[in-house]
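The block underneath contains the structure these notes are about, expressed in structure tokens.
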Amino acid sequence: MMKKQKRCLLALNFRSKTEVAVAKLALIEREKKRAHLAQKYAGKRAALKAIIDDAKRSDEDRYEARLQLQQLPRNANPTRKRNRCALTGRPRGTFRKFGLARGKIREIAFRGEIPGLIKASW
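Taking my numbering, the leading residue of the sequence shown gets 3, the next gets one more, and so forth.
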């Protein structure tokens, strides 16, 4: 968990307010909300899924667990989370290691602000 926080902090150091469009800000906030909900309900989802997958449980218990799982918020499902660039909010071409889109990695790397990252040459 610490590595992810460290990466995000690295990315946030380069962020400027004018760089992200207002529409993208809403999408970024939505992703933050999804991440928060996924973390909040992770334990409950895991417990319900364990009951559902347990073949030793009665069918009624498993059915009840499935109903409870369906009652949880949709955004609590971790598969709904989308990796986005921490600077621009771009959903595609985002590197997990940096939390940045490929274009921003290129810009920052050319300025020499990412230690150890150099342009490939062979």
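Ideal Cβ placement from N, Cα and C applies to all residues, glycine included.
Ranking A103, Q70, Q73 and R76 by CA distance to the CA of N85 puts A103 first.
A residue is called buried when at least 16 other Cβ atoms come within 10 angstroms of its Cβ; G101 meets this threshold and is buried. Per the Cβ contact rule, the stretch 75–84 is in contact with the stretch 36–50 (3 or more Cβ pairs under 8 Å). Excluding residues up to 5 positions away in sequence, I54 lie with their Cβ nearer than 7 Å to the Cβ of R68 in the same chain. Annotation note: the stretch 46–116 contains the following uninterrupted alpha helix (DSSP H) runs of length 4 or greater, listed N- to C-terminal: 61–73 and 104–112.
For L119, no alpha helix (DSSP H) encloses it, and the DSSP letter there is neither H nor E. By a beta-carbon distance limit of 8 Å, L50 contacts Q70. Their separation comes to about 6 Å.
In the structure shown, A23 adopts coil according to DSSP, grouped into three states. Separation of the CB atoms of R36 and R94 is rounded to 17 Å, and the pair is thereby denied contact status at 8 Å.
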